[in-house]
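Reading through the C-alpha coordinates given below for one structure.
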(Lines of atoms letter the chains of each structure in order from A and count residues from 1; the text may use other names and numbers.)
(Lines give C-alpha, C1' and ligand atoms only; values in the text may rest on other atoms or scores of the structure.)
Protein backbone atom coordinates (compact mmCIF):
# COMPACT_ATOMS: atom_id res chain seq x y z
CA UNK A 1 0.00 0.00 0.00
CA UNK A 2 1.29 3.43 -0.79
CA UNK A 3 1.09 6.42 1.50
CA UNK A 4 -1.37 8.11 -0.84
CA UNK A 5 -3.69 5.10 -0.66
CA UNK A 6 -3.68 5.39 3.12
CA UNK A 7 -4.13 9.18 3.02
CA UNK A 8 -1.14 9.50 5.33
CA UNK A 9 1.02 12.53 4.56
CA UNK A 10 4.68 11.77 4.00
CA UNK A 11 7.07 13.68 6.23
CA UNK A 12 10.75 14.02 6.95
CA UNK A 13 11.85 11.36 9.44
CA UNK A 14 15.40 12.65 9.90
CA UNK A 15 16.36 12.22 13.53
CA UNK A 16 13.42 9.98 14.50
CA UNK A 17 14.67 7.45 17.06
CA UNK A 18 13.47 3.88 16.43
CA UNK A 19 14.05 0.63 18.32
CA UNK A 20 13.47 -2.61 16.39
CA UNK A 21 13.18 -5.81 18.44
CA UNK A 22 13.27 -9.19 16.69
CA UNK A 23 15.14 -12.46 17.11
CA UNK A 24 15.67 -12.66 13.33
CA UNK A 25 18.89 -10.97 12.24
CA UNK A 26 17.44 -10.70 8.72
CA UNK A 27 14.40 -8.75 9.93
CA UNK A 28 16.57 -6.54 12.15
CA UNK A 29 18.95 -5.72 9.32
CA UNK A 30 16.14 -5.14 6.80
CA UNK A 31 14.26 -2.77 9.10
CA UNK A 32 17.50 -1.01 10.07
CA UNK A 33 18.48 -0.40 6.43
CA UNK A 34 14.99 0.71 5.34
CA UNK A 35 14.55 3.12 8.24
CA UNK A 36 18.12 4.46 8.12
CA UNK A 37 17.59 5.34 4.45
CA UNK A 38 14.78 7.64 5.64
CA UNK A 39 17.07 9.36 8.16
CA UNK A 40 15.94 7.47 11.27
CA UNK A 41 18.34 6.60 14.05
CA UNK A 42 17.88 2.87 14.59
CA UNK A 43 18.88 0.68 17.52
CA UNK A 44 18.18 -3.05 17.36
CA UNK A 45 17.65 -5.71 20.01
CA UNK A 46 17.45 -9.50 19.63
CA UNK A 47 14.83 -10.07 22.33
CA UNK A 48 12.53 -8.33 24.78
CA UNK A 49 14.95 -8.33 27.72
CA UNK A 50 17.71 -6.75 25.66
CA UNK A 51 15.26 -4.16 24.34
CA UNK A 52 14.29 -2.87 27.80
CA UNK A 53 17.80 -1.61 28.56
CA UNK A 54 18.12 -0.09 25.10
CA UNK A 55 14.76 1.67 25.40
CA UNK A 56 15.84 3.16 28.74
CA UNK A 57 19.11 4.42 27.26
CA UNK A 58 18.03 5.45 23.75
CA UNK A 59 14.57 6.88 24.60
CA UNK A 60 13.04 6.09 21.19
CA UNK A 61 10.14 7.84 19.47
CA UNK A 62 8.69 4.53 18.21
CA UNK A 63 9.30 0.83 18.90
CA UNK A 64 8.75 -2.14 16.55
CA UNK A 65 8.51 -5.48 18.43
CA UNK A 66 8.28 -9.01 17.03
CA UNK A 67 5.75 -11.18 18.85
CA UNK A 68 7.45 -14.58 18.70
CA UNK A 69 10.76 -14.27 20.58
CA UNK A 70 12.56 -16.33 23.20
CA UNK A 71 12.68 -15.34 26.89
CA UNK A 72 10.30 -12.35 26.73
CA UNK A 73 7.82 -12.34 23.86
CA UNK A 74 6.44 -9.29 22.09
CA UNK A 75 3.18 -9.21 24.03
CA UNK A 76 5.07 -9.26 27.34
CA UNK A 77 7.58 -6.67 26.12
CA UNK A 78 4.78 -4.37 24.96
CA UNK A 79 2.88 -4.77 28.24
CA UNK A 80 6.00 -3.89 30.27
CA UNK A 81 6.65 -0.79 28.17
CA UNK A 82 3.03 0.36 28.41
CA UNK A 83 2.89 -0.31 32.19
CA UNK A 84 5.75 2.10 32.81
CA UNK A 85 4.77 5.75 33.17
CA UNK A 86 8.04 6.94 31.60
CA UNK A 87 7.61 4.89 28.40
CA UNK A 88 3.85 4.28 28.00
CA UNK A 89 3.38 7.07 25.46
CA UNK A 90 5.94 5.64 23.04
CA UNK A 91 4.08 3.97 20.15
CA UNK A 92 4.65 0.20 20.09
CA UNK A 93 4.04 -1.55 16.77
CA UNK A 94 3.92 -5.33 16.91
CA UNK A 95 5.37 -7.41 14.07
CA UNK A 96 4.20 -10.95 13.40
CA UNK A 97 3.69 -13.59 10.77
CA UNK A 98 0.45 -14.45 12.59
CA UNK A 99 -2.53 -12.57 11.22
CA UNK A 100 -5.51 -13.99 13.10
CA UNK A 101 -8.02 -11.70 14.79
CA UNK A 102 -7.09 -13.38 18.10
CA UNK A 103 -3.42 -12.37 17.73
CA UNK A 104 -4.35 -8.80 16.80
CA UNK A 105 -6.74 -8.55 19.76
CA UNK A 106 -4.08 -9.91 22.11
CA UNK A 107 -1.71 -7.24 20.81
CA UNK A 108 -4.26 -4.50 21.56
CA UNK A 109 -4.79 -5.91 25.06
CA UNK A 110 -1.03 -5.72 25.63
CA UNK A 111 -1.21 -2.03 24.67
CA UNK A 112 0.14 -2.03 21.13
CA UNK A 113 -0.64 0.91 18.88
CA UNK A 114 -0.51 -1.09 15.64
CA UNK A 115 -0.05 -4.63 14.38
CA UNK A 116 1.96 -5.27 11.20
CA UNK A 117 1.99 -8.65 9.51
CA UNK A 118 5.26 -10.04 8.13
CA UNK A 119 6.50 -9.87 5.53
CA UNK A 120 6.23 -6.11 5.69
CA UNK A 121 7.24 -3.56 3.10
CA UNK A 122 9.07 -0.29 3.46
CA UNK A 123 5.73 1.44 2.90
CA UNK A 124 4.16 -0.58 5.74
CA UNK A 125 6.90 0.55 8.15
CA UNK A 126 6.75 4.17 7.02
CA UNK A 127 2.94 4.36 7.13
CA UNK A 128 3.00 3.01 10.69
CA UNK A 129 5.56 5.65 11.64
CA UNK A 130 3.72 8.50 9.87
CA UNK A 131 0.51 7.49 11.65
CA UNK A 132 1.78 6.83 15.16
CA UNK A 133 5.15 8.48 15.79
CA UNK A 134 5.65 12.07 16.87
CA UNK A 135 7.64 14.46 14.72
CA UNK A 136 11.40 13.91 15.19
CA UNK A 137 13.10 16.11 17.76
CA UNK A 138 15.69 18.49 16.39
CA UNK A 139 18.61 17.47 18.58
CA UNK A 140 22.04 15.95 18.23
CA UNK A 141 22.44 12.25 17.64
CA UNK A 142 22.86 10.43 20.97
CA UNK A 143 25.92 8.54 19.73
CA UNK A 144 27.35 11.45 17.76
CA UNK A 145 27.40 9.48 14.51
CA UNK A 146 24.10 8.41 12.94
CA UNK A 147 25.79 5.85 10.72
CA UNK A 148 26.98 3.60 13.53
CA UNK A 149 25.15 3.10 16.79
CA UNK A 150 26.60 0.58 19.19
CA UNK A 151 24.96 0.15 22.56
CA UNK A 152 26.56 -2.23 25.02
CA UNK A 153 24.28 -3.91 27.56
CA UNK A 154 26.75 -3.53 30.42
CA UNK A 155 26.81 0.28 30.19
CA UNK A 156 23.06 0.85 30.12
CA UNK A 157 20.95 1.84 33.11
CA UNK A 158 18.26 -0.65 34.12
CA UNK A 159 14.67 0.05 33.16
CA UNK A 160 12.34 0.38 36.14
CA UNK A 161 9.60 -2.14 35.46
CA UNK A 162 7.52 -1.10 38.44
CA UNK A 163 5.35 1.97 38.06
CA UNK A 164 5.56 4.03 41.27
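Numbering (UniProt numbering), first residue to last: 1 to 164.
All C-beta atoms, glycine included, are put in the ideal place defined by N, C-alpha and C.
Predicted model, so just to flag it, every value in this text is computed and none were measured.
{"Asked": "Per DSSP, cross-strand counterpart(s) of residue 66", "Found": "95"}
{"Asked": "According to DSSP, residues forming a beta bridge with residue 44", "Found": "20"}
{"Asked": "Residue 75: first and last residue of the uninterrupted alpha helix (DSSP H) it sits in", "Found": "74-83"}
{"Asked": "Option in 106, 92, 91 with minimal Cα separation from residue 174", "Found": "No information on residue 174 is available, as it lies outside the stretch 1 to 164 that the chain covers here."}
{"Asked": "Continuous beta strand (DSSP E) stretch holding residue 116: start and end", "Found": "114-117"}
{"Asked": "Proximity below 8 Å, CB of residue 31 to CB of residue 19", "Found": "no"}
{"Asked": "Inter-residue Cα distance where the pair is residue 40 and residue 102", "Found": "32 Å"}
{"Asked": "Cβ neighbours of residue 124 in the same chain (closer than 6 Å, five flanking residues each side left out)", "Found": "116"}
{"Asked": "Contact check, residue 132 vs residue 118, beta carbons under 8 Å", "Found": "no"}
{"Asked": "Residue 52 versus residue 111: straight-line alpha-carbon distance, rounded", "Found": "16 Å"}
{"Asked": "Selected residue, minimal CA-CA separation from residue 227, among 61, 100, 66", "Found": "Because residue 227 is not part of the residues shown, which for the chain are 1 to 164, the question remains open."}
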